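Just add 81 to the spot in the sequence shown (first one is 1) and you have our numbering.
The beta carbon of each residue, even a glycine, is placed where N, CA and C say it ideally should be.
Since the structure is predicted, the reported quantities are computational estimates derived from the model, not experimental observations.
Notes follow once the structure below has been shown.
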Amino acid sequence: MRISETPEWQALSTHHGEIGRRHLREFFAEEPDRGTAYTVRAGDLYLDYSKNRLTRETVRLLAALADRAGLRERTEAMFGGEHINGPEDRAVLHVALRDPATSGLVVDGQDVRHDVHEVLRRMGEFANRVRSGEWTGHTGERIRAVVNIGIGGSDLGPAMAYLALRDYSERSISFRFVSNIDPTDLAEATRDLDPASTLFIVASKTFTTQETLTNAREARRWLLDGLGSDDKAVAKHFVAVSTNAEKVAEFGIDTDNMFGFWDWVGGRYSFTSAIGLSLMVAIGPEQYREMLDGFHTVDEHFRTAPWEENLPALLGLISVWYINFFGTQTQAVLPYAQYLARFPAYLQQLCMESNGKSVQVDGSPADVATGEIVWGEPGTNGQHAFYQLLHQGTVLVPADFLAFAQPNHDLDGMQDLFLSNFLAQPRALAFGRTAEEVAAEGTAQAVVPHKVMPGNHPSNAIVAPKLTPSTLGQLVAAYEHRVFTQGIVWGINSFDQWGVELGKVMANQLAPKLQSEGAPDYDSDSSTNALVKLLRTERGR
Ligand code: F6P
Numbered sequence: 082m083r084i085s086e087t088p089e090w091q092a093l094s095t096h097h098g099e100i101g102r103r104h105l106r107e108f109f110a111e112e113p114d115r116g117t118a119y120t121v122r123a124g125d126l127y128l129d130y131s132k133n134r135l136t137r138e139t140v141r142l143l144a145a146l147a148d149r150a151g152l153r154e155r156t157e158a159m160f161g162g163e164h165i166n167g168p169e170d171r172a173v174l175h176v177a178l179r180d181p182a183t184s185g186l187v188v189d190g191q192d193v194r195h196d197v198h199e200v201l202r203r204m205g206e207f208a209n210r211v212r213s214g215e216w217t218g219h220t221g222e223r224i225r226a227v228v229n230i231g232i233g234g235s236d237l238g239p240a241m242a243y244l245a246l247r248d249y250s251e252r253s254i255s256f257r258f259v260s261n262i263d264p265t266d267l268a269e270a271t272r273d274l275d276p277a278s279t280l281f282i283v284a285s286k287t288f289t290t291q292e293t294l295t296n297a298r299e300a301r302r303w304l305l306d307g308l309g310s311d312d313k314a315v316a317k318h319f320v321a322v323s324t325n326a327e328k329v330a331e332f333g334i335d336t337d338n339m340f341g342f343w344d345w346v347g348g349r350y351s352f353t354s355a356i357g358l359s360l361m362v363a364i365g366p367e368q369y370r371e372m373l374d375g376f377h378t379v380d381e382h383f384r385t386a387p388w389e390e391n392l393p394a395l396l397g398l399i400s401v402w403y404i405n406f407f408g409t410q411t412q413a414v415l416p417y418a419q420y421l422a423r424f425p426a427y428l429q430q431l432c433m434e435s436n437g438k439s440v441q442v443d444g445s446p447a448d449v450a451t452g453e454i455v456w457g458e459p460g461t462n463g464q465h466a467f468y469q470l471l472h473q474g475t476v477l478v479p480a481d482f483l484a485f486a487q488p489n490h491d492l493d494g495m496q497d498l499f500l501s502n503f504l505a506q507p508r509a510l511a512f513g514r515t516a517e518e519v520a521a522e523g524t525a526q527a528v529v530p531h532k533v534m535p536g537n538h539p540s541n542a543i544v545a546p547k548l549t550p551s552t553l554g555q556l557v558a559a560y561e562h563r564v565f566t567q568g569i570v571w572g573i574n575s576f577d578q579w580g581v582e583l584g585k586v587m588a589n590q591l592a593p594k595l596q597s598e599g600a601p602d603y604d605s606d607s608s609t610n611a612l613v614k615l616l617r618t619e620r621g622r
C-alpha cells in the first residue's frame, strides 16, 4: 500500500485539518508546561520541539506512521548489514564506522568491524607521524600544510568538521580543502605554501571524479615544479583515500599510502571512514575517537529509543509533518556557533542528495512530496540578512536553531549576548507581536500593520553543553538518522544519487567544444551552442 493511502497518513491528514491553522500562542496557553514536556535528550543533545505546530496527538500519529512505514525494521536491517540500498544492491553501514566493537559483524563475507578498526589503526599511526614531524617531505622537512583534495562527501564532511573542531586542532599545521574544478580553488590554496612541507590527501571514493583527479594532477605538477621534477617526491607528499586501489595506483600514488573504505559507505555518509583522514591529522586520533564515540551514542539511541523519545526520528517525523501536510519546501538550519559555519553546506548534501528523489525504491513514482531545500547561516549573521522573511514573509520555513551553552572562547561575557539572540529569535518567530500590542506602544495607526509580527513560525532548538569532538559527532549522527527516517516514510532510496550523473556526462561532452582550437562543432541546443560560442570568443578561440 502506498504511504499516502495508509490509515496512518489519512489520520494525519484529518488531524492537520483540525489543528493546522492553530497558533503556537494557543498551544502554549493550553499546555503551560509545553517547554519542558516537548523535549528529549540523546547523549549530550537536548531537543526542545515545543515551538512546533503540533500536539501530543500529532506525535502519536507520526510515530504510528513511522511504524507503518517500517522504520524499526529498516533500521535493524541497516544496522545488520542488509542490502537496504536496493537499486545499487549494497549494504548501508556508515554506523559500523563508529562502532567501538572490533568484531562480530560479517557482511557479504567481510568482517566489517575488524576491517574498520584496522583502517582506523593505520590512519592513527599515519596521523601521529605527521603531527609529530616523523613523517617528512621529500627533502626531509616536516609537514606544515595538509591539503585535502576531494569534492562532495569527500570534502564537505572533513571541511565542515575541521572548521567546527579547529579549537581542538594542531595549530602548527595549516589545513586546506580544495574541491572546485575552478582553477582558482587550488591556486589560492597553494599560493603561499612551500611544496617541501605540503602533504596532499587525495580523497575520492571512486577515484574517477573529474574535479578531484584534475586538481590532484595539477597539485602533483605544482609539487614537482617546486621540488625539481623528482617523481620520487610524490610518495612523500601524496596519500590517497579511496575504495578503488586500481585507480589510485593508475594515478601514481603508491597503494601503501592509501587508506581504504568500502562500497557500503555512501559518499555523504563517509566522513567517519578514511575520508576523515585530514580531520584526524588535525585533531589527533584520540579526539577523533571521541568524535566517533559521539556518533555511536546517537546511533544506539536512534536504534533503541521509542519514536516519541527518539531525537533523530522526531526531527525526521516533524519535518514530514511540515513538508507533507503544511506543504513547506525548505528547512533552515541556523547554528549559533561560528565554528559551524559550514554545517548548513554539509547538510545540503546529506539531505538533498539523499532525499531529492521522485521515485520510490520499487521504481514507481513517489506519491507524496519528498526532500527539502536545506539552507542556513550562523546566527547572528543571518539575523541581519534573511530573518526578515522568516518573521514577516509569506513563506512558512521550519527552522532548527542550534547552540552550545559553553563557549570555546568567552570574551568578556559575549557568549551571554550571543545566546540571548539564540533565545530571542525562535521566541519572536513563534509568538510574534499582535496589532494590539504594537498599537499599545503608541505606534501610529498607519504603521501598525507593518510592525505586526504574525508569529506561528515553527522551530526546533537543539542545545549541547559545548562544541567538542563528541558533541559534533552526536549532532551529525542525529541529522543522518533524521534523513533516514524521512526516506523510509517516503519509501525512497536515500543512498543513491543518479540525478547528478547526466550533468557529468554532458560536461565531458562539452569540454572538447570549448577546448578545441579548430572549427567549433555546435551540436547542442541553441542556448548551449550560443553560450559555447560566446565563451570561445571571449577566450579568443
Ligand atoms: O557527484 C556526486 C558524488 O558522487 C557524491 O555522492 C560524492 O560524495 C561525490 O560525488 C564525490 O565522489 P568521489 O568521492 O567518488 O570522488
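The C-beta distance from Val-442 to Ile-573 rounds to 7 Å, short enough to meet the 8 Å contact threshold.
Look at the beta carbons and you see the region 253 to 267 touching the region 296 to 307: at least three pairs across the two are nearer than 8 Å. Contact between the region 306 to 323 and the region 338 to 358 is established, with three or more Cβ pairs separated by less than 8 Å.
Sixteen is the threshold: since fewer than 16 other Cβ atoms of the shown chains lie within 10 Å of the Cβ of Lys-313, the residue is exposed. Taking Arg-194 as the centre and dropping the five residues before and after it, the same chain places the C-beta of Ala-177, Asp-180, Ala-182, Thr-183, Ser-184, Gly-185, Leu-186 closer than 7 Å to its C-beta, in chain order. Cβ-Cβ separation between Ser-278 and Gly-218: approximately 6 Å, consistent with a contact (criterion under 8 Å). By alpha-carbon distance to Ser-255, the top candidate from Asn-229, Ser-597, Pro-539 is Asn-229.
The region 188 to 243 contains, as complete beta strand (DSSP E) runs of 3+ residues, the segments 226 to 230 (chain order). In this structure, Ser-351 has its beta carbon less than 8 Å from a heavy atom of ligand 1.
For Pro-546, the uninterrupted beta strand (DSSP E) run begins and ends at 540 to 547, by DSSP. Pairwise C-beta distances place the region 398 to 416 out of contact with the region 577 to 585, as fewer than three of them are shorter than 8 Å. Taking the Cβ atoms as the reference, Pro-593 lies roughly 15 Å from Lys-614, outside the contact range of under 8 Å. A direct Cα-to-Cα measurement between Pro-113 and Asp-344 gives close to 50 Å. Between the beta-carbon of Ser-359 and that of Gly-568 there is about 29 Å, and that puts the pair past the 8 Å contact cut. Proximity to Phe-109 across Arg-223, Ala-447, Arg-508 peaks at Arg-508, based on C-alpha coordinates. Take the alpha-carbon of Ser-597 and the one of Ser-607: they are about 19 Å apart. Apart from sequence neighbours up to five positions away, the residues of its chain that approach Lys-317 with a beta-carbon distance below 6 Å are Gly-218, His-219, ordered along the chain. Spanning the alpha carbons of Leu-492 and Gly-584 requires a straight line of approximately 47 Å.
Scanning the region 389 to 461 for uninterrupted alpha helix (DSSP H) segments of 4 residues or longer gives 392 to 401, 424 to 428, listed from N- to C-terminal end.
For Ser-323, the enclosing beta strand (DSSP E) begins and ends at 319 to 323. For the pair Tyr-420 and Asn-391, the Cα-to-Cα distance works out to about 26 Å. Assignment of Leu-280 by DSSP, reduced to helix, strand and coil, places it in the strand class. The C-alpha of Arg-106 is placed about 11 Å away from the C-alpha of Thr-515. Counted as a single uninterrupted DSSP element, the beta strand (DSSP E) harbouring Gln-487 occupies residues 480 to 487. Shown here, Tyr-119 sits in coil according to DSSP, grouped into three states, outside any helix or strand. Beta-bridge partners assigned by DSSP to Ser-255: Ala-226. Scanning Thr-287, Ile-543, Ser-439 for the CA closest to the CA of Glu-327 turns up Thr-287. Taking C-beta atoms under 8 Å as the contact rule, Ala-466 and Glu-458 qualify, at a distance of about 7 Å.
Inter-residue distance for Thr-461 and Asn-502 is about 7 Å (C-alpha atoms, whole angstroms). By the C-beta density criterion, Ala-172 is buried, having at least 16 other C-beta atoms within 10 angstroms.
Going by C-alpha positions, His-490 is about 49 Å away from Thr-95. Inside the region 305 to 377, DSSP marks whole alpha helix (DSSP H) runs of 4 or more residues at positions 314 to 318, 326 to 332, from first to last along the chain.
Comparing alpha carbon positions, the residue from Ser-439, Val-544, Ala-413, Asp-196 closest to Gln-464 is Ala-413.
For Leu-128, there is no enclosing alpha helix (DSSP H); the enclosing beta strand (DSSP E) has its first and last residue at 126 to 129. Straight across, the Cα-Cα distance linking Ala-144 with Arg-423 is about 32 Å. Between Ala-545 and Leu-126, the C-beta spacing is below 9 Å.
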